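Asker: Chains as they are written, first to last, in my numbering: chain A, 1 to 361; chain B, 1001 to 1361.
Where is the CB? At the ideal position from N, CA and C, for every residue including glycine.
From a predicted model like this one, the values you see are computed outputs, not experimental measurements.
So, in C-alpha cells, the structure goes:
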C-alpha cells in the first residue's frame, strides 16, 4: 500500500490554444481561464490534489511564456514548485524532465501526473482513484493510467482497450491495458462504447520514478540521452542555462505515442466520475450549464436569455433575449457566434493571424 | 428671392439619449456617433449645409456636457459658432436664445434650423428645399417647415395636414399648413398616409429672425420675457454668467408645441428626399443597410453573417454565422440582442441606472 508521503503530484500546465479565443491568448492559455467557479482550471486542479499531496510535493510544469501568470495564479505554492520549459516539446520531454529531476531528489517516489485544464467536480473521487493508481504503480512497477468511462461515441479522444487481467485495489479494480487506440472514426467510436471494455484515455497517470525513467530509456532513447545531457549540464552551469541549451533540441513527442503505446505493462484504473477536458465553448456548457439556462461568467447582465454561453473578462456584457449563442467579451476583442458554429472560432483566429493582428492572439 | 448671404444655419445639437447605448453615453449623444460614413451625424449635417452657408454663418447649439466634444467634432468651425446651453430646455428656448442673439447681430437674416442627428443622403436636395423655404419665409413673413413625404404609417412622428393654398417657389410648391397633428395611433397614421395631404413634421424650419421673435413674443410671452432678461443681463455680466442665471429658469417646451401649432401663418415645403432620424439600432439599418447584408461600423470581422447590425467602437468585433442580431462593442460594455427586441436596450439602461452603474451610462 502506498502512503501519501511517497507521492509527488506533477501538473502539466504548458498548454496553449485558441479554442477559447478571445478569452485565451498566447500569454493566458486555457488552464488559466476562470472556468472553475471563478478560479482557474489550474488552481482548481491543484486544490483537488491537496488531500493527496502537500504543496511541498506538488510540481507545476509550464512554459516560459506563461510562467509568471502561473505563479500569480498559485500564490500559495513555493516558487521552486513551478518549472518552466523554455519551449513546449509535448508531454514526453516534459514528464521526462521532471522524472529525471525526481530521480535525484525523490528516487523512491510515485509520480501522479495530471493535465491542468480538466474539470472534475468530484475531487474526492479523483483522489481515491489516484491513490489506488499509485498503489498499483508501486506494487506492479508498471505504468498506470486512469481510464474514463465513455459517455458518448466521442471521436475526439483516444481509447484504451482493457484486457481481462485484473488487480483489485482499495476502491477500484485495475485492468491490464491490451492496447491504445488513436482517435477513432464514428463507427469505431460507437463500437467501443457498446463493447464495454474500452475507456477514454484520460492523460492522467501514475508510475514510480524508476518505472518511467526506465520506460523512457527503453522507448525514447534519444530523449533519455538529451535528459542525461540536461542533468549533467545543469550540474555545471545551473538549470536555466542548461534548459536553454538542451531543451529546444529535445524531440517533440507525447508520452502516449512515445512511451505508453509501447510499454510492456500498462494498467488502467477505470473511473466513472464526471469529467471534461473543456475542449471548446460548448464543453464549458457541458460542465457548468444547467439544462435550458445560460452559462454566465464575469460581469453579465442578461434578460430573458437561454441556453447561451455569456462570458466577460472585463466589459459589462449586456444581453437581451439571446438563445443558443456564444458571446465572449474582453477589453480588446468580442466574439459572437451561435453555439452550433462554436468550432469556427478557429477561422477567426486564422484570419487574425493572416492579417498580422498578433496583438489579439 | 433670398440670396444665400441672408441665411444663417442653426443646427440643434443638444440631444441626449440612451437608445444607442452602449455607443451613446451621457458625454457622447447620438449626434456625435459615427453613423455617417465614419463621420458623426453632426459633422455630416454641417457639411450638407456648406453649399448654402459658410462656416461663419453656421451656429451649433449644444449643451455644456457635450460642448467640448462638439468642438472636437467640428474643428473647422470658429469657436464662437458653438453655443452651449447650461441645461437643456427643449427646442423653444434654444431657438429663442439664438433668435434673440441674431436680432442683434443679423436682424435681417433668415434662419434655417435643423436637428443635428438626422441622416439625409441627398444633401443637394436638402439645400434646394431650404433655399426655397428661406425664400418663402422672406416673401410671406410666415414660419416655414419642411414636410417629409410619409413612406409608412408611422406612429412615432407628428404630422402636418396641408391646406389648399399654395406658393410656387423655384423647385417646390409650398402649401399652407392647416394644422399640426400629434403622434397618431395606427388607424389615424394609415388614414394620413392614404389621404395624400399629410406630411411628417421634420423639425427643419426656415423663418426670418423678425418672424420667429414676434411669434415667440406672441405665443410664449414668458419665454420672451426670460430671453429679454438674458439679453439685458448679458450686456452687464457677459453671456456665460447671464446664461447660468437665467437659462435654467426658462420654461421647457418645444417649438412645435409652443409656437408652430399656434402660429397664424405656417407654410410647408413638401420634400421627398430619403430621410431618417435614426431612432434606434434598427433605424440605422434603414439608412445604411442593403437588403440581406449587415450594417458594419468599426473594427468588425464577420464571417457568414447576415441582416445584422455589428458596431464596434474600439474592440475587434468578431462574429460568425449571426443573423438578425444587434451587437455593439465598446471597451467597457457590450450589447447583444436580436433585432426584433432592439427596443429593449432601454431595459438594460434602466437596470444599470437602478444599480448605480452610472459610469456606464
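Please classify residue 1120 of chain B: does DSSP put it in a helix, a strand, or coil?
Answerer: coil
Asker: What span of residues does the alpha helix (DSSP H) with residue 1228 of chain B cover, start to end?
Answerer: Its alpha helix (DSSP H) spans residues 1221-1237.
Asker: Interface residues of chain B around residue 334 of chain A at Cβ under 8 Å?
Answerer: 1312, 1315, 1316, 1317, 1318, 1327, 1329, 1334
Asker: Given a limit of 9 Å on CB to CB distance, which residues of the region 1230-1259 of chain B reach chain A?
Answerer: none
Asker: Could you work out which residues of chain A lie near residue 1034 of chain B, taking near to mean beta carbons separated by less than 8 Å?
Answerer: Near residue 1034 of chain B there are no residues of chain A at all, since even the closest Cβ is about 18 Å away, more than 8 Å.
Asker: Taking one C-beta from the region 1209-1224 of chain B and one from the region 1179-1186 of chain B each time, how about it: are there three or more such pairs within less than 8 Å?
Answerer: No, the region 1209-1224 of chain B does not touch the region 1179-1186 of chain B.
Asker: Check whether chain A comes within 8 Å of residue 1350 of chain B, counting only Cβ atoms and requiring the distance to be less than that.
Answerer: Using a Cβ-Cβ cut-off of 8 Å, residue 1350 of chain B does not count as an interface residue toward chain A, since no Cβ of chain A sits closer than that to its own.
Asker: So who's on the other strand from residue 338 of chain A, going by DSSP bridges?
Answerer: A/325
Asker: If you count every other CB in all the chains shown that lies within 10 Å of the CB of residue 3 of chain A, and 16 or more means buried, which is it?
Answerer: Its pLDDT being 44, under 50, residue 3 of chain A is placed unreliably in this model, and the value from its coordinates should be taken loosely. Label assigned to residue 3 of chain A: exposed.
Asker: Pull up the distance between the alpha-carbon of residue 1 of chain A and that of residue 135 of chain A, whole angstroms please.
Answerer: Residue placement at residue 1 of chain A cannot be trusted, given a pLDDT of 39 that sits under 50; what the coordinates show is reported in the next sentence. Cα to Cα, the separation comes out at about 5 Å.
Asker: By the 10 Å Cβ neighbour count, where 16 or more other Cβ atoms means buried, how is residue 232 of chain A classified, buried or exposed?
Answerer: When all chains shown are included, residue 232 of chain A counts as exposed.
Asker: Is residue 23 of chain A close to chain B? Criterion is C-beta to C-beta, closer than 8 Å.
Answerer: no
Asker: Inspect the beta-carbon positions of residue 349 of chain A and residue 21 of chain A and report whether they are closer than 8 Å.
Answerer: Yes, Cβ-Cβ distance for residue 349 of chain A and residue 21 of chain A is below 8 Å.
Asker: Among B/1167, B/1055, B/1052, B/1329, which has the Cα closest to the Cα of residue 1297 of chain B?
Answerer: Closest option to residue 1297 of chain B, Cα to Cα, is B/1329.
Asker: Which parts of the region 74-144 of chain A are runs of the beta strand (DSSP E), unbroken and 3 residues or longer, counting only runs that do not cross its ends?
Answerer: 82-85, 110-115
Asker: Would a check of beta-carbon distances place residue 1338 of chain B closer than 8 Å to chain A?
Answerer: yes
Asker: Figure out for me which residue from B/1204, B/1040, B/1152 has the closest Cα to the Cα of residue 1131 of chain B.
Answerer: B/1204
Asker: With 8 Å set as the bound, which would you pick, yes or no: does the beta-carbon of residue 285 of chain A sit closer than that to a beta-carbon of chain B?
Answerer: no
Asker: What three-state label does DSSP hand residue 165 of chain A in the structure shown?
Answerer: strand
Asker: Per DSSP, which residues does residue 1364 of chain B bridge with? Please list them.
Answerer: Past the boundaries of the shown model lies residue 1364 of chain B; chain B is included only from 1001 to 1361, so the question cannot be answered.
Asker: Suppose contacts are defined by Cβ-Cβ distances below 8 Å. Is residue 147 of chain A in contact with residue 269 of chain A by that definition?
Answerer: A contact, by the Cβ cut-off of 8 Å.
Asker: Quick one: measure Cβ to Cβ for residue 92 of chain A and residue 259 of chain A, integer angstroms, because I've assumed they're closer than 8 Å.
Answerer: 6 Å
Asker: Hey, out of A/239, A/195, A/263, A/222, whose CA is closest to residue 215 of chain A's CA?
Answerer: A/263
Asker: Could you give the distance in angstroms between the alpha-carbon of residue 1029 of chain B and the alpha-carbon of residue 37 of chain A?
Answerer: 38 Å
Asker: Taking only three categories from DSSP, how would you classify residue 257 of chain A?
Answerer: helix
Asker: Would a check of beta-carbon distances place residue 104 of chain A closer than 8 Å to chain B?
Answerer: no
Asker: Taking 6 Å as the limit between beta carbons, can you name the residues of its chain near residue 1305 of chain B, skipping five residues before and five after?
Answerer: 1294, 1319, 1322
Asker: Is it right to say residue 25 of chain A is buried, meaning 16 or more other beta carbons lie within 10 angstroms of its own, or is it exposed?
Answerer: Classification of residue 25 of chain A: buried, given that the 10 Å Cβ count is 16 or more.
Asker: Once you ignore the five residues that flank residue 1011 of chain B on each side, which residues in its own chain have a CB closer than 6 Å to its CB?
Answerer: 1045, 1060, 1114, 1116
Asker: When the Cα atoms are used, what is the spatial distance from residue 327 of chain A to residue 1169 of chain B?
Answerer: 55 Å
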